[in-house]
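Structure, as C-alpha coordinates:
Numbering (the working numbering), first residue to last: 85 to 609.
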(Lines of atoms letter the chains of each structure in order from A and count residues from 1; the text may use other names and numbers.)
(Lines give C-alpha, C1' and ligand atoms only; values in the text may rest on other atoms or scores of the structure.)
Protein backbone atom coordinates (compact mmCIF):
# COMPACT_ATOMS: atom_id res chain seq x y z
CA UNK A 1 0.00 0.00 0.00
CA UNK A 2 1.23 3.49 -0.84
CA UNK A 3 1.87 6.16 1.77
CA UNK A 4 -1.02 8.20 0.34
CA UNK A 5 -3.70 7.10 2.83
CA UNK A 6 -1.35 7.67 5.78
CA UNK A 7 -0.62 11.22 4.70
CA UNK A 8 -4.26 11.93 3.90
CA UNK A 9 -5.43 10.66 7.31
CA UNK A 10 -2.68 12.50 9.14
CA UNK A 11 -3.52 15.81 7.45
CA UNK A 12 -7.28 15.40 7.98
CA UNK A 13 -6.76 14.33 11.56
CA UNK A 14 -4.82 17.50 12.31
CA UNK A 15 -7.52 19.69 10.77
CA UNK A 16 -10.19 17.94 12.83
CA UNK A 17 -8.10 18.11 16.00
CA UNK A 18 -7.61 21.86 15.73
CA UNK A 19 -11.26 22.52 14.89
CA UNK A 20 -12.64 20.21 17.60
CA UNK A 21 -10.37 21.67 20.28
CA UNK A 22 -11.51 25.20 19.47
CA UNK A 23 -15.15 24.10 19.38
CA UNK A 24 -14.91 22.22 22.69
CA UNK A 25 -13.52 25.34 24.39
CA UNK A 26 -16.30 27.46 22.92
CA UNK A 27 -18.90 24.87 23.93
CA UNK A 28 -17.58 24.91 27.48
CA UNK A 29 -17.75 28.71 27.60
CA UNK A 30 -21.35 28.65 26.35
CA UNK A 31 -22.38 26.21 29.07
CA UNK A 32 -20.77 28.00 32.00
CA UNK A 33 -22.08 31.38 30.80
CA UNK A 34 -25.04 31.33 28.39
CA UNK A 35 -24.38 34.74 26.85
CA UNK A 36 -25.16 35.79 23.26
CA UNK A 37 -21.47 36.25 22.52
CA UNK A 38 -20.53 32.80 23.81
CA UNK A 39 -23.44 31.20 21.96
CA UNK A 40 -22.44 32.90 18.70
CA UNK A 41 -18.82 31.83 19.04
CA UNK A 42 -19.80 28.25 19.75
CA UNK A 43 -22.20 28.20 16.77
CA UNK A 44 -19.54 29.61 14.43
CA UNK A 45 -16.95 27.01 15.46
CA UNK A 46 -19.39 24.13 15.26
CA UNK A 47 -20.23 25.12 11.66
CA UNK A 48 -16.52 25.28 10.83
CA UNK A 49 -15.94 21.81 12.33
CA UNK A 50 -18.91 20.29 10.56
CA UNK A 51 -17.83 21.92 7.29
CA UNK A 52 -14.46 20.18 7.52
CA UNK A 53 -16.19 16.85 8.14
CA UNK A 54 -18.72 17.60 5.43
CA UNK A 55 -16.18 18.25 2.66
CA UNK A 56 -17.35 15.91 -0.15
CA UNK A 57 -13.86 15.66 -1.69
CA UNK A 58 -12.34 14.51 1.60
CA UNK A 59 -15.22 12.08 2.05
CA UNK A 60 -14.53 10.48 -1.32
CA UNK A 61 -10.82 10.21 -0.47
CA UNK A 62 -11.70 8.30 2.71
CA UNK A 63 -14.06 5.97 0.83
CA UNK A 64 -11.40 5.36 -1.83
CA UNK A 65 -8.79 4.54 0.82
CA UNK A 66 -11.15 2.02 2.41
CA UNK A 67 -11.51 0.31 -0.96
CA UNK A 68 -7.80 -0.44 -0.91
CA UNK A 69 -6.29 -3.43 0.86
CA UNK A 70 -5.46 -1.88 4.27
CA UNK A 71 -3.36 -4.17 6.47
CA UNK A 72 -2.44 -1.70 9.21
CA UNK A 73 -5.17 -2.11 11.91
CA UNK A 74 -4.60 1.38 13.31
CA UNK A 75 -4.94 3.02 9.90
CA UNK A 76 -7.95 0.84 9.05
CA UNK A 77 -9.76 1.82 12.25
CA UNK A 78 -9.02 5.49 11.65
CA UNK A 79 -10.49 5.24 8.17
CA UNK A 80 -13.56 3.40 9.43
CA UNK A 81 -14.24 6.03 12.08
CA UNK A 82 -13.62 8.85 9.61
CA UNK A 83 -16.18 7.36 7.24
CA UNK A 84 -18.78 7.21 10.03
CA UNK A 85 -18.08 10.75 11.21
CA UNK A 86 -17.93 12.26 7.72
CA UNK A 87 -21.07 10.48 6.48
CA UNK A 88 -23.25 12.21 9.04
CA UNK A 89 -22.00 15.60 7.90
CA UNK A 90 -22.60 15.26 4.16
CA UNK A 91 -25.13 18.02 3.47
CA UNK A 92 -25.36 21.48 1.98
CA UNK A 93 -23.74 24.39 3.78
CA UNK A 94 -27.14 26.03 4.13
CA UNK A 95 -28.71 23.01 5.82
CA UNK A 96 -25.69 22.53 8.08
CA UNK A 97 -25.82 26.13 9.25
CA UNK A 98 -29.56 25.94 9.88
CA UNK A 99 -29.22 22.76 11.98
CA UNK A 100 -26.38 24.18 14.05
CA UNK A 101 -28.15 27.50 14.62
CA UNK A 102 -31.38 25.82 15.71
CA UNK A 103 -29.62 23.36 17.99
CA UNK A 104 -27.49 26.10 19.56
CA UNK A 105 -30.52 28.28 20.23
CA UNK A 106 -32.35 25.41 21.92
CA UNK A 107 -29.38 24.49 24.10
CA UNK A 108 -28.90 28.13 25.07
CA UNK A 109 -32.52 28.28 26.22
CA UNK A 110 -32.04 25.17 28.34
CA UNK A 111 -28.96 26.74 29.93
CA UNK A 112 -30.54 30.10 30.72
CA UNK A 113 -34.27 29.47 31.27
CA UNK A 114 -35.61 29.47 34.85
CA UNK A 115 -39.40 29.31 35.37
CA UNK A 116 -40.77 32.06 37.59
CA UNK A 117 -42.97 31.43 40.61
CA UNK A 118 -43.96 34.18 43.05
CA UNK A 119 -41.18 36.48 41.79
CA UNK A 120 -38.65 33.70 42.29
CA UNK A 121 -36.67 31.93 39.58
CA UNK A 122 -36.79 28.16 40.07
CA UNK A 123 -33.67 26.16 39.32
CA UNK A 124 -33.79 22.44 38.56
CA UNK A 125 -32.43 21.84 42.06
CA UNK A 126 -35.32 23.88 43.53
CA UNK A 127 -37.89 21.88 41.58
CA UNK A 128 -36.39 18.55 42.57
CA UNK A 129 -36.29 19.61 46.23
CA UNK A 130 -40.01 20.38 46.23
CA UNK A 131 -40.85 17.07 44.55
CA UNK A 132 -38.74 15.20 47.07
CA UNK A 133 -39.96 16.94 50.23
CA UNK A 134 -43.33 18.65 49.85
CA UNK A 135 -46.63 17.10 50.94
CA UNK A 136 -48.61 19.98 49.42
CA UNK A 137 -50.19 18.60 46.24
CA UNK A 138 -50.86 22.06 44.83
CA UNK A 139 -47.25 23.10 45.28
CA UNK A 140 -46.02 19.85 43.76
CA UNK A 141 -48.23 20.22 40.70
CA UNK A 142 -47.19 23.84 40.26
CA UNK A 143 -43.46 23.10 40.22
CA UNK A 144 -43.92 20.00 38.05
CA UNK A 145 -45.72 22.14 35.47
CA UNK A 146 -42.96 24.74 35.83
CA UNK A 147 -40.39 22.08 34.98
CA UNK A 148 -42.17 21.49 31.66
CA UNK A 149 -42.37 25.12 30.54
CA UNK A 150 -39.11 24.87 28.62
CA UNK A 151 -40.74 22.21 26.44
CA UNK A 152 -43.27 24.64 25.03
CA UNK A 153 -40.51 27.17 24.38
CA UNK A 154 -38.34 24.82 22.29
CA UNK A 155 -40.78 22.24 20.84
CA UNK A 156 -41.30 23.87 17.44
CA UNK A 157 -37.56 24.15 16.93
CA UNK A 158 -37.01 20.53 17.97
CA UNK A 159 -39.56 19.38 15.39
CA UNK A 160 -37.82 21.49 12.77
CA UNK A 161 -34.48 19.98 13.75
CA UNK A 162 -35.98 16.54 13.22
CA UNK A 163 -37.21 17.56 9.75
CA UNK A 164 -33.83 18.97 8.76
CA UNK A 165 -31.88 16.02 10.12
CA UNK A 166 -34.23 13.62 8.34
CA UNK A 167 -33.83 15.46 5.04
CA UNK A 168 -30.04 15.18 5.28
CA UNK A 169 -30.24 11.48 6.16
CA UNK A 170 -32.62 10.69 3.31
CA UNK A 171 -30.35 12.46 0.84
CA UNK A 172 -27.72 9.89 1.86
CA UNK A 173 -30.08 6.97 1.33
CA UNK A 174 -31.18 6.34 4.94
CA UNK A 175 -34.79 5.96 6.03
CA UNK A 176 -34.43 8.79 8.54
CA UNK A 177 -31.98 10.41 10.94
CA UNK A 178 -32.64 7.90 13.71
CA UNK A 179 -31.73 4.88 11.58
CA UNK A 180 -28.74 6.70 10.13
CA UNK A 181 -27.46 7.61 13.58
CA UNK A 182 -27.60 4.02 14.80
CA UNK A 183 -25.68 2.81 11.77
CA UNK A 184 -23.07 5.53 12.29
CA UNK A 185 -22.78 4.34 15.90
CA UNK A 186 -21.95 0.86 14.55
CA UNK A 187 -25.18 -0.50 16.00
CA UNK A 188 -27.95 -2.46 14.33
CA UNK A 189 -31.47 -1.14 14.87
CA UNK A 190 -32.74 -4.72 14.90
CA UNK A 191 -30.22 -5.74 17.56
CA UNK A 192 -30.86 -2.65 19.68
CA UNK A 193 -34.64 -2.97 19.79
CA UNK A 194 -34.43 -6.72 20.27
CA UNK A 195 -32.28 -5.95 23.32
CA UNK A 196 -34.71 -3.25 24.50
CA UNK A 197 -37.63 -5.67 24.04
CA UNK A 198 -35.76 -8.23 26.13
CA UNK A 199 -35.18 -5.67 28.87
CA UNK A 200 -38.83 -4.61 28.78
CA UNK A 201 -39.92 -8.22 29.20
CA UNK A 202 -37.30 -8.83 31.89
CA UNK A 203 -38.44 -5.84 33.93
CA UNK A 204 -42.22 -6.06 33.44
CA UNK A 205 -43.12 -8.15 36.48
CA UNK A 206 -40.59 -6.83 39.00
CA UNK A 207 -41.32 -3.24 38.00
CA UNK A 208 -45.06 -3.73 38.26
CA UNK A 209 -44.72 -5.24 41.74
CA UNK A 210 -42.41 -2.49 42.91
CA UNK A 211 -44.55 0.28 41.41
CA UNK A 212 -47.73 -1.08 43.00
CA UNK A 213 -46.08 -0.96 46.43
CA UNK A 214 -44.84 2.58 45.80
CA UNK A 215 -48.27 3.75 44.64
CA UNK A 216 -49.95 2.34 47.75
CA UNK A 217 -47.57 4.37 49.88
CA UNK A 218 -48.09 7.53 47.81
CA UNK A 219 -51.90 7.23 47.91
CA UNK A 220 -51.69 7.02 51.67
CA UNK A 221 -49.24 9.91 51.92
CA UNK A 222 -51.24 12.28 49.72
CA UNK A 223 -54.72 11.03 50.62
CA UNK A 224 -55.78 10.47 47.03
CA UNK A 225 -56.84 7.56 44.86
CA UNK A 226 -55.49 9.15 41.69
CA UNK A 227 -51.77 9.57 41.20
CA UNK A 228 -50.23 11.85 38.56
CA UNK A 229 -46.66 12.76 37.58
CA UNK A 230 -46.26 15.43 40.25
CA UNK A 231 -46.79 12.83 42.98
CA UNK A 232 -43.44 11.26 42.11
CA UNK A 233 -40.00 12.41 43.20
CA UNK A 234 -38.63 14.03 40.08
CA UNK A 235 -40.07 15.63 36.94
CA UNK A 236 -39.59 12.54 34.73
CA UNK A 237 -39.80 9.77 37.37
CA UNK A 238 -36.35 8.51 36.53
CA UNK A 239 -35.01 8.04 40.06
CA UNK A 240 -36.06 6.29 43.25
CA UNK A 241 -38.31 8.44 45.46
CA UNK A 242 -36.99 9.30 48.92
CA UNK A 243 -40.14 7.68 50.36
CA UNK A 244 -38.78 4.19 49.64
CA UNK A 245 -35.03 4.57 50.05
CA UNK A 246 -32.86 5.28 53.08
CA UNK A 247 -32.15 8.98 53.62
CA UNK A 248 -28.58 9.26 52.41
CA UNK A 249 -28.83 13.03 52.11
CA UNK A 250 -28.61 13.29 55.88
CA UNK A 251 -25.62 10.98 56.02
CA UNK A 252 -23.79 12.85 53.25
CA UNK A 253 -24.89 16.40 54.08
CA UNK A 254 -21.56 17.31 55.68
CA UNK A 255 -19.44 15.41 53.14
CA UNK A 256 -17.82 17.15 50.18
CA UNK A 257 -18.71 15.29 46.96
CA UNK A 258 -15.49 16.53 45.37
CA UNK A 259 -13.30 15.16 48.17
CA UNK A 260 -15.17 11.85 48.16
CA UNK A 261 -14.74 11.53 44.41
CA UNK A 262 -11.05 12.36 44.55
CA UNK A 263 -10.46 9.69 47.20
CA UNK A 264 -12.49 7.08 45.32
CA UNK A 265 -10.49 7.46 42.13
CA UNK A 266 -7.14 7.85 43.91
CA UNK A 267 -7.71 4.43 45.47
CA UNK A 268 -8.00 3.02 41.93
CA UNK A 269 -4.84 4.79 40.78
CA UNK A 270 -6.46 7.67 38.86
CA UNK A 271 -5.33 11.21 39.69
CA UNK A 272 -8.23 13.61 39.06
CA UNK A 273 -6.72 16.63 40.79
CA UNK A 274 -6.06 18.54 37.57
CA UNK A 275 -9.55 17.66 36.29
CA UNK A 276 -11.11 19.06 39.46
CA UNK A 277 -9.05 22.25 39.24
CA UNK A 278 -10.18 22.81 35.64
CA UNK A 279 -13.87 22.10 36.33
CA UNK A 280 -16.90 24.26 37.12
CA UNK A 281 -18.79 22.47 39.87
CA UNK A 282 -21.32 24.73 41.60
CA UNK A 283 -24.64 26.32 40.52
CA UNK A 284 -25.18 29.91 39.46
CA UNK A 285 -27.29 31.93 37.05
CA UNK A 286 -26.85 31.52 33.27
CA UNK A 287 -25.03 28.23 33.71
CA UNK A 288 -26.16 24.88 32.34
CA UNK A 289 -28.07 23.13 35.15
CA UNK A 290 -27.11 19.63 34.12
CA UNK A 291 -23.75 17.85 34.18
CA UNK A 292 -21.20 16.58 31.69
CA UNK A 293 -17.54 15.76 31.24
CA UNK A 294 -15.55 17.09 28.28
CA UNK A 295 -12.09 16.19 26.99
CA UNK A 296 -11.12 19.45 25.32
CA UNK A 297 -8.17 18.31 23.21
CA UNK A 298 -7.82 14.53 23.79
CA UNK A 299 -4.32 15.04 25.13
CA UNK A 300 -5.21 13.86 28.61
CA UNK A 301 -4.22 17.26 29.99
CA UNK A 302 -7.50 19.19 29.71
CA UNK A 303 -10.46 17.12 30.90
CA UNK A 304 -13.20 19.12 32.66
CA UNK A 305 -16.44 18.44 34.50
CA UNK A 306 -19.47 20.70 34.73
CA UNK A 307 -21.74 20.07 37.72
CA UNK A 308 -24.15 21.99 39.95
CA UNK A 309 -23.26 20.46 43.30
CA UNK A 310 -25.39 20.94 46.38
CA UNK A 311 -24.92 18.77 49.50
CA UNK A 312 -26.48 15.31 49.52
CA UNK A 313 -26.52 11.99 47.74
CA UNK A 314 -27.76 13.08 44.31
CA UNK A 315 -24.85 15.35 43.41
CA UNK A 316 -22.39 12.98 45.05
CA UNK A 317 -23.67 10.36 42.61
CA UNK A 318 -23.40 12.80 39.70
CA UNK A 319 -19.84 13.79 40.60
CA UNK A 320 -18.81 10.13 40.78
CA UNK A 321 -20.58 9.51 37.46
CA UNK A 322 -18.89 12.34 35.57
CA UNK A 323 -15.52 11.43 37.10
CA UNK A 324 -15.92 7.95 35.63
CA UNK A 325 -15.99 9.59 32.21
CA UNK A 326 -12.96 11.67 33.17
CA UNK A 327 -10.91 8.67 34.32
CA UNK A 328 -11.63 6.97 30.99
CA UNK A 329 -10.51 10.03 29.00
CA UNK A 330 -7.34 10.39 31.06
CA UNK A 331 -6.33 6.76 30.61
CA UNK A 332 -6.52 6.30 26.84
CA UNK A 333 -3.13 5.28 25.48
CA UNK A 334 -0.81 8.18 24.63
CA UNK A 335 0.51 6.23 21.65
CA UNK A 336 -2.85 6.27 19.88
CA UNK A 337 -3.53 8.84 17.13
CA UNK A 338 -6.02 11.61 17.83
CA UNK A 339 -8.90 9.93 15.98
CA UNK A 340 -8.68 6.87 18.26
CA UNK A 341 -8.22 8.78 21.53
CA UNK A 342 -11.81 8.48 22.60
CA UNK A 343 -14.03 5.85 24.16
CA UNK A 344 -14.72 2.65 22.22
CA UNK A 345 -18.40 3.63 22.19
CA UNK A 346 -20.63 6.10 24.00
CA UNK A 347 -22.37 3.34 25.93
CA UNK A 348 -19.01 1.95 27.10
CA UNK A 349 -18.02 5.21 28.77
CA UNK A 350 -21.58 5.50 30.12
CA UNK A 351 -21.16 2.03 31.67
CA UNK A 352 -18.09 3.22 33.54
CA UNK A 353 -19.86 6.38 34.69
CA UNK A 354 -22.95 4.48 35.83
CA UNK A 355 -20.88 1.91 37.72
CA UNK A 356 -19.02 4.72 39.51
CA UNK A 357 -22.15 6.74 40.25
CA UNK A 358 -23.84 3.73 41.85
CA UNK A 359 -21.19 3.73 44.59
CA UNK A 360 -23.03 6.54 46.38
CA UNK A 361 -25.55 3.92 47.52
CA UNK A 362 -23.04 1.15 48.25
CA UNK A 363 -22.65 0.28 51.98
CA UNK A 364 -18.93 -0.52 51.60
CA UNK A 365 -18.26 2.81 49.87
CA UNK A 366 -20.33 4.76 52.38
CA UNK A 367 -18.25 3.43 55.26
CA UNK A 368 -14.75 3.00 53.81
CA UNK A 369 -14.67 6.08 51.54
CA UNK A 370 -17.37 8.46 52.78
CA UNK A 371 -16.54 7.70 56.40
CA UNK A 372 -20.15 7.24 57.47
CA UNK A 373 -20.80 5.63 60.85
CA UNK A 374 -20.67 1.84 60.26
CA UNK A 375 -23.42 1.33 62.82
CA UNK A 376 -25.77 3.66 60.97
CA UNK A 377 -24.89 2.11 57.61
CA UNK A 378 -25.35 -1.35 59.08
CA UNK A 379 -28.83 -0.31 60.15
CA UNK A 380 -29.84 0.59 56.60
CA UNK A 381 -27.68 -1.82 54.59
CA UNK A 382 -30.56 -4.23 54.08
CA UNK A 383 -32.55 -1.40 52.46
CA UNK A 384 -29.78 -0.11 50.21
CA UNK A 385 -29.56 -3.13 47.89
CA UNK A 386 -33.31 -3.10 47.10
CA UNK A 387 -33.15 0.66 46.60
CA UNK A 388 -30.33 0.31 44.10
CA UNK A 389 -32.17 -2.51 42.33
CA UNK A 390 -35.25 -0.30 42.19
CA UNK A 391 -33.17 2.51 40.65
CA UNK A 392 -31.99 0.16 37.90
CA UNK A 393 -35.59 -0.92 37.31
CA UNK A 394 -36.89 2.65 37.15
CA UNK A 395 -34.14 3.72 34.80
CA UNK A 396 -34.66 0.78 32.45
CA UNK A 397 -38.33 1.66 32.13
CA UNK A 398 -37.61 5.37 31.69
CA UNK A 399 -34.96 4.56 29.10
CA UNK A 400 -37.58 2.59 27.18
CA UNK A 401 -39.72 5.72 26.96
CA UNK A 402 -36.83 7.75 25.59
CA UNK A 403 -35.57 5.23 23.01
CA UNK A 404 -39.00 4.44 21.60
CA UNK A 405 -40.04 8.10 21.58
CA UNK A 406 -36.99 9.20 19.63
CA UNK A 407 -37.59 6.54 17.02
CA UNK A 408 -41.18 7.79 16.69
CA UNK A 409 -40.04 11.43 16.54
CA UNK A 410 -37.79 10.79 13.55
CA UNK A 411 -40.21 8.37 11.91
CA UNK A 412 -42.75 11.20 11.70
CA UNK A 413 -41.99 14.65 13.15
CA UNK A 414 -45.53 15.74 12.21
CA UNK A 415 -47.20 13.11 14.41
CA UNK A 416 -49.10 13.87 17.62
CA UNK A 417 -45.93 13.70 19.67
CA UNK A 418 -47.64 14.97 22.82
CA UNK A 419 -49.90 11.90 22.85
CA UNK A 420 -47.17 9.49 21.75
CA UNK A 421 -45.05 10.67 24.69
CA UNK A 422 -47.75 9.96 27.24
CA UNK A 423 -48.66 6.65 25.60
CA UNK A 424 -45.08 5.54 26.16
CA UNK A 425 -44.94 6.93 29.71
CA UNK A 426 -48.06 4.96 30.57
CA UNK A 427 -46.75 1.81 28.88
CA UNK A 428 -43.27 1.77 30.39
CA UNK A 429 -43.49 3.80 33.59
CA UNK A 430 -47.14 3.15 34.50
CA UNK A 431 -47.57 6.86 35.24
CA UNK A 432 -50.95 8.34 34.30
CA UNK A 433 -51.09 11.34 32.01
CA UNK A 434 -52.64 14.43 33.64
CA UNK A 435 -56.29 14.86 32.65
CA UNK A 436 -56.75 17.26 29.78
CA UNK A 437 -53.06 18.07 29.48
CA UNK A 438 -52.05 19.15 25.98
CA UNK A 439 -48.43 20.25 26.02
CA UNK A 440 -45.10 19.16 24.47
CA UNK A 441 -43.75 17.63 27.66
CA UNK A 442 -41.42 15.47 25.59
CA UNK A 443 -39.46 18.57 24.56
CA UNK A 444 -38.66 19.41 28.18
CA UNK A 445 -36.10 16.59 28.25
CA UNK A 446 -32.83 18.13 27.15
CA UNK A 447 -31.58 14.94 25.50
CA UNK A 448 -34.50 14.89 23.05
CA UNK A 449 -33.72 18.45 22.09
CA UNK A 450 -29.94 18.58 21.83
CA UNK A 451 -28.47 15.06 22.25
CA UNK A 452 -30.38 13.11 19.60
CA UNK A 453 -30.27 9.31 19.37
CA UNK A 454 -28.23 9.10 22.56
CA UNK A 455 -30.37 7.76 25.37
CA UNK A 456 -30.17 4.08 24.46
CA UNK A 457 -26.51 4.34 25.42
CA UNK A 458 -27.51 4.79 29.07
CA UNK A 459 -29.60 1.62 28.98
CA UNK A 460 -26.85 -0.43 27.33
CA UNK A 461 -24.45 1.19 29.78
CA UNK A 462 -26.45 -0.20 32.70
CA UNK A 463 -26.20 -3.69 31.19
CA UNK A 464 -22.47 -3.40 30.61
CA UNK A 465 -21.89 -1.85 34.05
CA UNK A 466 -23.38 -4.96 35.67
CA UNK A 467 -21.23 -7.19 33.48
CA UNK A 468 -18.06 -5.22 34.29
CA UNK A 469 -18.81 -5.20 38.01
CA UNK A 470 -19.14 -9.00 37.96
CA UNK A 471 -15.82 -9.29 36.11
CA UNK A 472 -14.08 -6.97 38.57
CA UNK A 473 -15.49 -8.77 41.61
CA UNK A 474 -14.30 -12.08 40.20
CA UNK A 475 -10.85 -11.03 39.01
CA UNK A 476 -9.86 -8.10 41.26
CA UNK A 477 -11.58 -9.22 44.45
CA UNK A 478 -13.92 -6.23 44.48
CA UNK A 479 -14.29 -2.70 43.16
CA UNK A 480 -14.08 -0.27 46.08
CA UNK A 481 -10.64 0.77 47.25
CA UNK A 482 -8.80 -1.83 45.18
CA UNK A 483 -5.95 -0.75 42.96
CA UNK A 484 -6.35 -3.97 40.96
CA UNK A 485 -9.85 -2.85 39.92
CA UNK A 486 -8.46 0.38 38.50
CA UNK A 487 -5.72 -1.51 36.69
CA UNK A 488 -8.24 -3.88 35.11
CA UNK A 489 -10.33 -0.96 33.85
CA UNK A 490 -7.29 0.90 32.57
CA UNK A 491 -5.78 -2.08 30.77
CA UNK A 492 -8.88 -3.79 29.40
CA UNK A 493 -11.28 -0.90 28.77
CA UNK A 494 -9.61 2.51 28.75
CA UNK A 495 -6.15 2.12 27.20
CA UNK A 496 -7.23 0.94 23.74
CA UNK A 497 -9.47 3.96 23.14
CA UNK A 498 -11.50 3.44 19.98
CA UNK A 499 -9.05 1.00 18.39
CA UNK A 500 -11.52 -1.85 18.98
CA UNK A 501 -15.17 -1.88 18.01
CA UNK A 502 -17.47 -1.90 21.02
CA UNK A 503 -18.46 -5.55 20.64
CA UNK A 504 -14.81 -6.68 20.45
CA UNK A 505 -13.95 -4.46 23.42
CA UNK A 506 -16.74 -5.89 25.59
CA UNK A 507 -15.67 -9.45 24.85
CA UNK A 508 -11.99 -8.65 25.48
CA UNK A 509 -12.79 -6.90 28.79
CA UNK A 510 -15.28 -9.37 30.25
CA UNK A 511 -14.67 -12.62 28.36
CA UNK A 512 -18.12 -12.70 26.77
CA UNK A 513 -20.56 -10.80 24.60
CA UNK A 514 -22.83 -8.16 26.05
CA UNK A 515 -25.68 -9.97 27.83
CA UNK A 516 -28.38 -9.12 30.37
CA UNK A 517 -27.57 -11.95 32.81
CA UNK A 518 -25.78 -9.83 35.43
CA UNK A 519 -28.22 -6.98 34.92
CA UNK A 520 -31.12 -9.35 35.63
CA UNK A 521 -29.53 -10.22 38.96
CA UNK A 522 -28.98 -6.55 39.73
CA UNK A 523 -32.67 -5.64 39.36
CA UNK A 524 -34.01 -8.43 41.57
CA UNK A 525 -36.14 -6.71 44.22
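We treat Cβ as the ideally placed atom computed from N, Cα and C, and that holds for glycine.
Since the structure is predicted, the reported quantities are computational estimates derived from the model, not experimental observations.
Sixteen is the threshold: since fewer than 16 other Cβ atoms of the shown chains lie within 10 Å of the Cβ of residue 304, the residue is exposed. Taking C-beta separations shorter than 6 angstroms and ignoring five residues to either side along the sequence, the partners of residue 447 in its chain run 461, 465, 468, following chain order.
Note that the C-beta distance between residue 411 and residue 232 is not below 8 angstroms.
When beta bridges are read from the DSSP output, residue 200 appears opposite 205. One alpha carbon belongs to residue 600, the other to residue 593, and they sit about 16 angstroms apart.
Here residue 488 is buried: its Cβ has 16 or more other Cβ atoms, across all protein chains shown, within 10 Å. The C-alpha of residue 534 is placed about 6 angstroms away from the C-alpha of residue 187. Exclusion of the five residues before and after residue 172 leaves 268 as the residues of its chain whose Cβ lies within less than 6 angstroms of its Cβ.
Using a C-beta cut-off of 8 angstroms, the region 140 to 156 makes no contact with the region 197 to 215, since fewer than three inter-stretch Cβ pairs fall below that distance.
The way I'd put it, the region 572 to 583 does touch the region 414 to 427; three or more beta-carbon pairs between them come closer than 8 angstroms. Within the same chain, and ignoring the five residues on either side of residue 337 in sequence, the residues whose Cβ sits closer than 7 angstroms to its Cβ are 395, 396. For the region 200 to 277, there is no continuous beta strand (DSSP E) assignment of 3+ residues that stays within its boundaries. By the Cβ neighbour-count rule, residue 250 is buried, with 16 or more other Cβ atoms within 10 Å of its own.
Residue 389 has its alpha-carbon roughly 7 angstroms from the corresponding atom of residue 360. For residue 389, the enclosing beta strand (DSSP E) begins and ends at 387 to 390. In the DSSP assignment, residue 372 falls outside any beta strand (DSSP E), carrying neither H nor E. Taking residue 367 as the centre and dropping the five residues before and after it, the same chain places the C-beta of 207, 209, 373, 392, 393, 394 closer than 8 angstroms to its C-beta, in chain order. Residue 555 counts as buried, since at least 16 other C-beta atoms from the protein chains shown sit within 10 angstroms of its C-beta. DSSP, read as helix, strand or coil, puts residue 456 in coil. In the three-state reduction of the DSSP assignment, residue 378 falls in the strand class, which pools E and B. Beta-carbon to beta-carbon, residue 288 and residue 434 are separated by about 24 angstroms, too far to satisfy the 8 angstroms threshold. Residue 490 is a Cβ neighbour of residue 537, given a cutoff of 8 angstroms. By the criterion of at least three beta-carbon pairs nearer than 8 angstroms, the region 338 to 358 is in contact with the region 558 to 574. If you check the CB distance, residue 602 and residue 550 come in under 8 angstroms. Ranked by Cα distance from residue 194, the first of 175, 235, 364, 458 is 235. If you draw a straight line from the Cα of residue 562 to the Cα of residue 387, it is about 27 angstroms long. Residues of the same chain with a CB within less than 8 angstroms of the CB of residue 201, apart from the 5 flanking positions on each side, are 226, 227, 230 in chain order. In this structure residue 319 is buried. Its beta-carbon is surrounded by 16 or more other beta-carbon atoms within 10 angstroms.
Excluding five sequence positions before and after residue 473, the CB atoms of its chain that fall closer than 7 angstroms to its own CB belong to 606, 607, 608, 609, given in chain order. According to the DSSP secondary-structure assignment, residue 364 is paired through a beta bridge with 390. DSSP, read as helix, strand or coil, puts residue 358 in helix. One thing to note: residue 404 has its Cβ within 8 angstroms of the Cβ of residue 441.
Assignment of residue 446 by DSSP, reduced to helix, strand and coil, places it in the coil class. Within the same chain, 190, 193, 527, 533 come within 7 angstroms of residue 238 by CB-CB distance, once the 5 residues on both sides are set aside. Looking from the CA of residue 445, the closest CA among 402, 184, 590, 383 belongs to 402. At a Cβ-Cβ threshold of 8 angstroms, residue 184 and residue 134 count as neighbours.
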